[in-house]
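To keep things clear, I will list the structure first and then write my remarks on it.
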Amino acid sequence: MFGSQASLVMYDEEFQQIVNLADKLLRESNAKAVFLVDRNGQLMAATGETEHLDTTSLASLTAGNIAATGGLAKLIGEKEFSILFHEGEKDNIHISIVAGRVILVVIFDHRSSLGLVRLRVKKASDALGSVFGELTRKSESVGSLGGPQNPFAEISDDDIDNLFS
Numbered sequence: 015m016f017g018s019q020a021s022l023v024m025y026d027e028e029f030q031q032i033v034n035l036a037d038k039l040l041r042e043s044n045a046k047a048v049f050l051v052d053r054n055g056q057l058m059a060a061t062g063e064t065e066h067l068d069t070t071s072l073a074s075l076t077a078g079n080i081a082a083t084g085g086l087a088k089l090i091g092e093k094e095f096s097i098l099f100h101e102g103e104k105d106n107i108h109i110s111i112v113a114g115r116v117i118l119v120v121i122f123d124h125r126s127s128l129g130l131v132r133l134r135v136k137k138a139s140d141a142l143g144s145v146f147g148e149l150t151r152k153s154e155s156v157g158s159l160g161g162p163q164n165p166f167a168e169i170s171d172d173d174i175d176n177l178f179s
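Structure, rendered in structure tokens:
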């Protein structure tokens with residue numbers, strides 16, 4: 015499973031890199047849609063044919079799927095299953111864990127193949143891992159400089175009361 019890791023603060027520069035990598039994966043794998051979901055089931059980025067999908071439910075169910083298969087993995091003595099594949103009549107879902115903390119979801123149909131998707135996901139995962147590594151370094155350096163790691167850490171109860179008074 016993912017382990018206990020602090021949540022990351024997403025900076026605009028890295029967010030744009032993540033979106034660009036998701037777009038590139040979408041094109042190169044000939045997929046219908048690509049999603050990045052955090053370990054808590056929150057959608058981080060989505061690209062492709064997403065207008066007819068409930069992306070919030072997709073994100074939370076994907077995180078639940080990873081958690082459930084993590085339990086299965088432990089039962090048979092594995093640390094985790096880092097790649098999951100679901101085959102449907104029309105669409106398929108390839109799910110993988112990137113950098114130990116993010117879930118990459120690729121939805122594809124007959125226009126692509128599992129082999130192509132797996133090849134392109136491997137390449138994209140390496141690039142995404144680098145971006146998330148940079149985000150982790152930035153978060154740690156902000157924390158070590160005495161700045162808050164949580165953007166809401168400086169807000170007190172009095173501040174909230176004053177806001178709504």
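Numbering (this note's numbering), first residue to last: 15 to 179.
Heads up, the beta-carbon is just placed ideally off N, CA and C, and yes, glycines get one too.
As the structure is a prediction and not an experimental result, all values here were calculated from the model.
With a threshold of 16 other CB atoms inside 10 Å of the CB of residue i, please say whether the residue is buried or exposed.
i: threonine 61; result: buried
i: serine 144; result: exposed
i: isoleucine 174; result: exposed
i: serine 153; result: buried
i: glycine 55; result: buried
i: isoleucine 109; result: buried
i: threonine 70; result: exposed
i: serine 139; result: buried
i: isoleucine 90; result: exposed
i: alanine 77; result: buried
Look at the Cβ atom of residue i, then the Cβ atom of residue j, and state whether they are nearer than 8 Å.
i: valine 48; j: valine 131; result: no
i: leucine 118; j: methionine 24; result: no
i: phenylalanine 99; j: leucine 133; result: no
i: valine 112; j: leucine 39; result: no
Could you name the residues of the same chain whose beta carbon sits closer than 8 Å to that of residue i, not counting the 5 residues immediately before and after it, in chain order?
i: glycine 17; result: The pLDDT assigned to glycine 17 is 39, lower than 50, so where the model puts this residue is not dependable; a value taken from the coordinates is nonetheless given after this. Around glycine 17: Gly114.
i: alanine 141; result: Leu35
i: valine 116; result: Leu50, Val51, Asp52, Arg53, Met58, Leu142, Phe146
i: aspartate 105; result: Lys46, Ile121, Phe122, Asp123
i: asparagine 44; result: Phe122, Arg125, Ser126, Leu130
i: leucine 86; result: Phe95
i: asparagine 79; result: Leu98, Ile109
Give me, in chain order, the residues of the same chain whose beta-carbon lies closer than 7 Å to that of residue i; leave out the 5 immediate sequence neighbours on both sides.
i: aspartate 172; result: none
Check the DSSP bridge columns for residue i and list the partner residues they point to.
i: isoleucine 174; result: Bridge partners of isoleucine 174: none, in fact.
i: leucine 118; result: Leu50, Ser110
Within its chain, find whatever has a CB closer than 6 Å to the CB of residue i; leave out the 5 residues flanking it on each side and keep chain order.
i: leucine 72; result: none
i: alanine 82; result: none
query = Which parts of the region 44-112 are runs of the alpha helix (DSSP H), unbroken and 4 residues or longer, counting only runs that do not cross its ends?
reply = For the region 44-112, the full-length alpha helix (DSSP H) segments reaching 4 residues or more read 69-89 along the chain.
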